[in-house]
Amino acid sequence: MFVQEKQGSNVPALGLYAHVPFCSTTCDFCAFYQERPSKKGIESFFRGLESEILRFPGDRPFSTVFVGGGTPGILSADQLERLCGLIRSAGLEKGCEWTIELAPTEVTAEKLRILAENGVNRASIGAQTFDPGMMEALGRGHKVEKTYEAYSLLRESAAFRVNLDLIFGAPGQTLAMWEEDLHKAVELDPEHLSTYCLTFEEDTAMYLRLAEGKVRLEPEREAAFYEKAWALLPARGYPQYEVSNFSKPGMPCLHNLNTWGMNEWIGYGPSASSQYGGFRRKNSASLDLWEKGMRPGAQPAYDEWTPIGFRDLAMDAIIFGLRMNEGISLVDLARRFGVGEGELSEIRRFFAELEDAGMLKSEAGASRLTTEGRMRCDAVAVEMPELQPVRTQTGLLQAG
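The opening position of the sequence shown corresponds to residue 7 in our numbering, with each subsequent residue numbered one higher.
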C-alpha cells in the first residue's frame, strides 16, 4: 500500500504540501496554525509562497499535492487561481493526485471550476457530523445543510474524488448518533471517508473545557465508536486501509500513503513540515516571520530543523506501518532502509510480546495489529523499542 515509487518508474515519489493559514472562525477542537484573513495577510502569504517555491524546489516532479489549512477555500476564486498557478510552477507530474481541503461554507461552482481547470482532482470536505446538536458542540462554523450543498456542487462538477472528514467522541454524542453519522456519510457515496476521534489539544476551547472539568475523557465510549466504524464502513463498501481511513477499492489518499511510508515531501507555507534531503523541518508558525524569512537573502524561519537518517526513517515506517491494515514486513523494511537483522532484535521481541497479548498477528511475512492492537496503536508506538546498536570488530555501530 505504501507509495515508495512512482508507478512504472524507479524514481521515488515526492509529495507537495501547501498550508493556507486563513480561517474565518476557529473550531473548538482545532489546534492547527491559522489567522483571520486580511488583504495584507493574504498578499504576504502569496509573496512568501512564491519565494519559497523558488528557493526550495524539488529535485523531481511532485507526484502528489495536498493543500490544507486553515481553510484554503476561504480564498476568492481569483486567489485560488493564483494559488494553483504557484503550485503548478513547482513542477507536477501530469495527472497527479491533487487534494484541497474545503469547508462546506466556502464551496462555490466558480471556485470548483477554477480548481478543476488547474488540475485539482480531489476534495476533502470537513463535514465532521450530520447532527445539528453535535455540530454546535464542536463549535463548527456551518450548518449541516451546507455540507449537503457543498457535496452537491462537487458532484455536479464531476471533476473531483471526494473525501468526507468525520469526528466522533464529542461530548454528549451517543453510539447511535455516531452510527447515524456513518450511515448518512455512506448514503452520499463519497470515494473516501476519514473518521477521527476527538482529541483535546492544548490551546483549544475543547481542552479548556476538559481542564475545567466540564467534559471528561471516556476511553470505553471511544473504543465502541472505533469498533462501530471499523465494522460498518467495510460492510458498506469502504474497506479500511488505516486506523482512521476508509476508501472505495483502489481510492486511498496517495499523498497520505506517501507520507506514512516515510517517503519525501516538501511543505510550503507557515507551519508546513517537510521531510526532504536528509532533514525534517517545520516552518515558523507565524505568517509574518515565515514571509520575512523567505525574502531574498534572508534566513528562513524554522520552528524545527533536524537531520534524519535511514534508521530514524525505519523506526517511523514501522510505527506508521502498523497503523495500516496490510501491516508491515520487517524484512522488507530492513532491506529498504539498510537495517541489519541484529538491529531488529528488540523489535522482534516486542512483536512476540504483542502476539502473546493478542494484539498482533504475523502471517505471510507481514505483521499486523489485531483489532485490540489497533485500538491501542498509540500506546504501541510509545512502547516500541529502538533499533539496537550492533557491536562489530572495529567498535560500536550506532543505530540511529
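In this text, a Cβ means the ideal position worked out from N, Cα and C, and glycines have one as well.
Would DSSP call residue i helix, strand or coil?
i: Ala358; result: helix
i: Met330; result: strand
i: Thr376; result: coil
i: Asp195; result: coil
i: Val249; result: coil
i: Ile131; result: strand
i: Tyr308; result: strand
i: Glu270; result: strand
i: Ile106; result: strand
i: Leu20; result: strand
i: His148; result: coil
i: Thr70; result: strand
i: Ser163; result: helix
i: Val388; result: helix
i: Cys203; result: strand
i: Leu118; result: helix
i: Phe136; result: coil
i: Phe62; result: coil
i: Lys254; result: coil
i: Ser82; result: coil
i: Ser280; result: strand
i: Tyr213; result: Low local confidence applies: a pLDDT of 45 at Tyr213 is under 50, so the model's placement there is unreliable, with the coordinate-based value given in what follows. Tyr213 falls in the helix class under three-state DSSP.
Within a Cβ cutoff of 8 Å, which residues of the same chain sit near residue i, ignoring the five residues on either side of it in sequence?
i: Met390; result: Met321, Ile324, Ile325, Ile353 and Phe356
i: Ala387; result: Ile325 and Leu328
i: Leu92; result: Phe52, Leu55, Glu56 and Ile59
i: Arg382; result: Met365
i: Asp309; result: Ser277, Lys288, Asn289, Ser290 and Ala291
i: Thr400; result: Unreliable positioning characterises Thr400 in this predicted model, as indicated by a pLDDT of 34, which lies under 50. The coordinate reading is nonetheless provided below. So the list is empty, once near-sequence residues are dropped.
Identify, in the order they occur along the chain, each residue of the same chain with its Cβ nearer than 6 Å to the Cβ of residue i, setting aside the five sequence neighbours on each side.
i: Ser57; result: Met300
i: Asn124; result: Cys90
i: Gly132; result: Ala109 and Asp171
i: Thr135; result: Met141 and Asp187
In the DSSP assignment, what residue or residues form a beta bridge with residue i?
i: Phe51; result: The partner list for Phe51 (beta bridge, DSSP) is empty, contrary to what the question assumes.
i: Asn169; result: Ser130 and His198
i: Pro313; result: Phe285
i: Glu99; result: The partner list for Glu99 (beta bridge, DSSP) is empty, contrary to what the question assumes.
i: Cys383; result: Answer by DSSP bridge pairing: none, since Cys383 is not bridged.
i: Phe28; result: Glu41
i: Lys298; result: Looking at the DSSP assignment, Lys298 forms no beta bridge with any residue, so it has no partner.
i: Glu369; result: Ala372
i: Gly344; result: None; Gly344 has no bridge partner.
i: Gly75; result: Val26
Closer than 7 Å by C-beta to residue i: which residues in its own chain qualify, once you throw out the five before and the five after it? Chain order, please.
i: Gly303; result: none
i: Glu112; result: Thr77, Gly79 and Ile80
i: Tyr243; result: Here residue 243 turns out to be Gly, not Tyr, going by the sequence shown. Around Gly243: Lys254.
i: Phe62; result: Ile272
i: Arg88; result: Phe52
i: Arg66; result: Val17 and Leu20
i: Met257; result: Arg167, Glu197 and His198
i: Gln179; result: Met140
Please determine whether the Cβ atom of residue i lies at a distance below 7 Å from any heavy atom of the ligand HEM.
i: Pro67; result: Looking at this structure, you won't find the ligand HEM or any other ligand, since it has none at all.
Q) Does the segment 140-150 come within contact of the segment 83-102, defined as at least 3 CB pairs closer than 8 Å? A) no
(Q) With three or more beta-carbon pairs closer than 8 Å as the criterion, would you say the segment 252-260 touches the segment 269-277? (A) no
(Q) With three or more beta-carbon pairs closer than 8 Å as the criterion, would you say the segment 15-26 touches the segment 222-242? (A) By the Cβ criterion, the segment 15-26 is not in contact with the segment 222-242, since fewer than three pairs of Cβ atoms, one from each stretch, lie closer than 8 Å.
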